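A.B. asks: Position one of the sequence shown corresponds to residue 1 (full-length UniProt numbering), numbered consecutively onward. Ideal placement from N, C-alpha and C gives every residue a C-beta, glycine not left out. These numbers come from a predicted model, not from an experiment.
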Amino acid sequence: MCFMRGADSKRVSPSAAPPGTPFPKCFMQVAKKILSRLFRVFVHVYIHHFDRVSQMGAEAHVNTCYKHFYYFVTEFNLTDHKELEPLKEMTARMCH
Numbered sequence: 001m002c003f004m005r006g007a008d009s010k011r012v013s014p015s016a017a018p019p020g021t022p023f024p025k026c027f028m029q030v031a032k033k034i035l036s037r038l039f040r041v042f043v044h045v046y047i048h049h050f051d052r053v054s055q056m057g058a059e060a061h062v063n064t065c066y067k068h069f070y071y072f073v074t075e076f077n078l079t080d081h082k083e084l085e086p087l088k089e090m091t092a093r094m095c096h
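1. Measuring alpha carbon to alpha carbon, tell me which residue in THR79, VAL41, PRO22, LYS32 is nearest CYS65.
2. Whether or not the segment 26-37 and the segment 49-56 are in contact is what I'm after, with contact meaning three or more pairs of Cβ atoms, one per stretch, closer than 8 Å; do they touch?
3. For the alpha helix (DSSP H) that contains ILE47, what are its first and last residues?
4. Rounded to the nearest angstrom, how far is the Cβ of VAL62 from that of VAL73, given a contact under 8 Å?
5. Roughly how many angstroms separate the alpha carbons of ALA17 and PRO86, rounded to a whole number?
6. Buried or exposed: where does PHE23 fall if 16 or more other Cβ atoms within 10 Å of its Cβ makes it buried?
7. In angstroms, rounded to a whole number, what distance separates the CA positions of MET94 and PHE50?
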């Protein structure tokens with residue numbers, strides 16, 4: 001997938017190193033970049049494809065996935081709040 005370009009799975013995969021090996025120093029930076037790109041996928045789905053998601057009856061599933069994503073990144077401070085601006089109004093209705 002092109003949105004994951006540059007997010008080398010070997011750099012963040014726990015299976016890439018033996019047990020007990022510390023995470024690489026770049027782990028948080030790479031994880032935050034992956035989550036930032038995943039948020040862009042949510043934005044794209046909600047803006048350009050949500051009518052199709054609704055037609056398929058998958059609205060509740062997508063909303064639940066987004067809520068879990070939102071709560072995770074905000075709980076662990078994994079994204080800058082200004083990055084979440086594109087879905088700010090929807091997030092306020094759905095998650096607060």
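C.D. replies: So, from the listed chains and residues:
1. VAL41
2. no
3. Per DSSP, ILE47 belongs to no alpha helix (DSSP H) and is neither H nor E.
4. That pair is no contact at about 17 Å.
5. 37 Å
6. exposed
7. 15 Å
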